[in-house]
Amino acid sequence: MSNTHSAFLKEMGITEWSSREEGVQASPEASSPAPGQVSQGHWWFFGAQPQGEAQALFQSVIRALGLGPQEWSWRNANDNLSQLKSPDSGLPVVAFAFGGSIAQKITGEKDALPQLRETILALNNGADEEIPVIASFDLAQLVAKPKDKALLWQDLLLAKSVLQNI
1 MSNTHSAFLK EMGITEWSSR EEGVQASPEA SSPAPGQVSQ GHWWFFGAQP QGEAQALFQS
61 VIRALGLGPQ EWSWRNANDN LSQLKSPDSG LPVVAFAFGG SIAQKITGEK DALPQLRETI
121 LALNNGADEE IPVIASFDLA QLVAKPKDKA LLWQDLLLAK SVLQNI
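Residue numbering for the sequence shown follows my numbering, starting at 1 and increasing by one per position.
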């Protein structure tokens, strides 16, 4: 890879390039952080559990973010949000909502997804602790409209930035 390509990838926030041909499993145990990587925090992903191509897309997201199995988890928007607490590790948490209806449910917002995107929302869990939420597209929608994957990447970079600044 040329220096020009490398610089371009770094501008996009991609510090490590990995081949798409590498097999990736669907469970959290399948991903692992880069050697020597220090965890920046924990990611809570809200939305429908991905299946098929959406699952492959999600695993690509996990790999691109460099998240290990202890750094992320799926959460159900139908669960009692007041029971959600930050991990005992003391690391900061960012919530990422896949889909407008999921984002509305966990934040209490009424706006449609286009107005919720690119905004830092707060998890509506009734606790003193504010957990930031970033809203993005449903994974199944992204499989159907691949052009929107660039917008997903923007949302992920925003969430990563929020997590690093907590």
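We treat Cβ as the ideally placed atom computed from N, Cα and C, and that holds for glycine.
Suppose you measure from the CA of residue i to the CA of residue j; what does that come to, to the nearest Å?
| i | j | result |
| --- | --- | --- |
| residue 129 | residue 51 | 32 Å |
| residue 173 | residue 84 | Since the displayed the chain opens at 1 and closes at 166, residue 173 lies outside it and no answer follows. |
| residue 125 | residue 77 | 11 Å |
| residue 94 | residue 156 | 11 Å |
| residue 166 | residue 119 | 16 Å |
| residue 114 | residue 135 | 9 Å |
| residue 158 | residue 65 | 12 Å |
| residue 137 | residue 131 | 20 Å |
| residue 86 | residue 74 | 14 Å |
| residue 47 | residue 72 | 14 Å |
| residue 160 | residue 79 | 24 Å |
Here's the rule I'm using: 16 or more other beta-carbon atoms within 10 Å means buried, otherwise exposed. How should residue i be labelled?
| i | result |
| --- | --- |
| residue 99 | buried |
| residue 186 | The structure shown does not extend to residue 186, since the chain is modelled only from 1 through 166, so no value can be given for it. |
| residue 90 | exposed |
Round the Cβ separation of residue i and residue j to the nearest angstrom and send it over; I've been treating them as touching at under 8 Å.
| i | j | result |
| --- | --- | --- |
| residue 142 | residue 67 | Between residue 67 and residue 142 the Cβ distance is about 18 Å, and since that is not below 8 Å, they are no contact. |
| residue 106 | residue 81 | 6 Å |
| residue 163 | residue 69 | The pair is not a contact, with the Cβ atoms about 17 Å apart (cut-off 8 Å). |
Please tell me whether residue i and residue j are closer than 8 Å, where the distance is taken between their beta carbons.
| i | j | result |
| --- | --- | --- |
| residue 43 | residue 96 | yes |
| residue 54 | residue 139 | yes |
| residue 133 | residue 144 | no |
Is residue i helix, strand or coil when you go by DSSP?
| i | result |
| --- | --- |
| residue 117 | coil |
| residue 131 | coil |
How about residue i: is its C-beta nearer than 8 Å to some C-beta of chain D?
| i | result |
| --- | --- |
| residue 79 | Of the protein chains in the structure, only one exists, and it is not chain D. |
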